[in-house]
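Take a look at the structure set out below.
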Amino acid sequence: ITILPDDILAITVSSISSITAVAGATDPVKIFNDGGTVYSTTASIGASGGGAGANKGYLVDANGFIDYPVLGKVKVSGMTLRQVKDMLAKRLEDFVKEPVVEARILNYRITVLGEVGTPGSIVASNHKLSVVDAIALAGDMPITGRKDNVLIIRETEGRREYARLNLNSRNVFSSPYYYLKQNDIIYVEPARVRRQESNDFLRFYLPTFTSLLSTAIAIYGVSQIVK
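Taking our numbering, the leading residue of the sequence shown gets 731, the next gets one more, and so forth.
Here's what the structure looks like:
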């Protein structure tokens, strides 16, 4: 997962010195864990994958920086979560003994549109979310949705990419679009069901129509004989 502007990062710091601190002593990592702003990351469709709620985090500004305690402005845009963890741990060594840094994106958001149970945006805490996972969180795909032609829209460095996935194919797992990225859009096309609906209409109502027609012909035949 690559961090982008407008991402909100939850960052926590722990240390061996925190674990072994003497009662009454100041926790050396407290200043770093007390920073950040409380953000609401509730999913708009009510399916969050465990990531909804109010959380404290750091907003990545338009230039790719977060305002981190003691360190000030720290560039994180374009880095992976692992790179951010390692970078912060290294820089915090001057203040904390053997720091351990954890980081995650609070507003990891995917939008699912089209032929699904509940179209809308999903905020997920699981950063390894597949297209199948996202569709399931959006209420799954009804029989009227096309599994063989799911559209993925992704923006990379200001450039929009489009990809089609066939969820019926085993090759889908090797697609670079199978696992989603921040702000991906999934569109599930409706199946072409009009022809099937017409066939269903004929299948259910043609026997009745034929029966009525036969009855009408029989009555007409009898009336002619009577004459």
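The C-beta atom is built at its ideal place from N, Cα and C for all residues, glycine as well.
Separation of the CB atoms of A868 and V846 is rounded to 4 Å, and the pair is thereby assigned contact status at 8 Å. In the three-state reduction of the DSSP assignment, A893 falls in the strand class. Residue I883 holds the alpha-carbon nearest to the alpha-carbon of I916 among I883, L801 and V790. Put simply, the backbone Cα of L881 is about 17 Å away from that of I873. Here DSSP, grouped into helix, strand and coil, assigns K858 to coil.
Under the three-pair Cβ rule at 8 Å, the region 856-865 counts as touching the region 904-915. Two segments are said to touch when three or more pairs of C-beta atoms, one from each, lie closer than 8 Å; by this definition the region 829-843 does not touch the region 884-899. Taking every protein chain shown into account, the CB of N837 has 16 or more other CB atoms within 10 angstroms, so this residue is buried. With fewer than 16 other Cβ atoms inside 10 Å of its own Cβ, V768 counts as exposed.
Cβ atoms of K815 and E828 stay farther apart than 8 Å, at about 14 Å.
For V831, DSSP records a beta bridge to V743.
In this structure, V800 lies away from L739, with their beta-carbon atoms at least 8 Å apart. Of the candidates D914, I733 and T886, the residue whose Cα lies closest to the Cα of S807 is I733. Look at N785 here: in three-state DSSP terms it is strand. Counting of Cβ neighbours within 10 angstroms places I746 among the exposed residues, the total staying below 16.
Per DSSP, the continuous beta strand (DSSP E) segment holding L881 begins and ends at V880 to T886. Between the alpha carbons of Y798 and P920 lies a distance of about 46 Å. Closest in C-alpha terms to G766, from the list A854, V743 and I731, comes V743.
Per DSSP, reduced to three states, the secondary structure at F795 is strand. Taking V759 as the centre and dropping the five residues before and after it, the same chain places the C-beta of V743, S745, S748 and V826 closer than 6 Å to its C-beta, in chain order. The beta carbons of L822 and F762 sit closer together than 8 Å.
Here the alpha carbon of R900 sits roughly 27 Å from the alpha carbon of S855. In this chain, K911 is not harboured by any beta strand (DSSP E), its DSSP state being neither H nor E.
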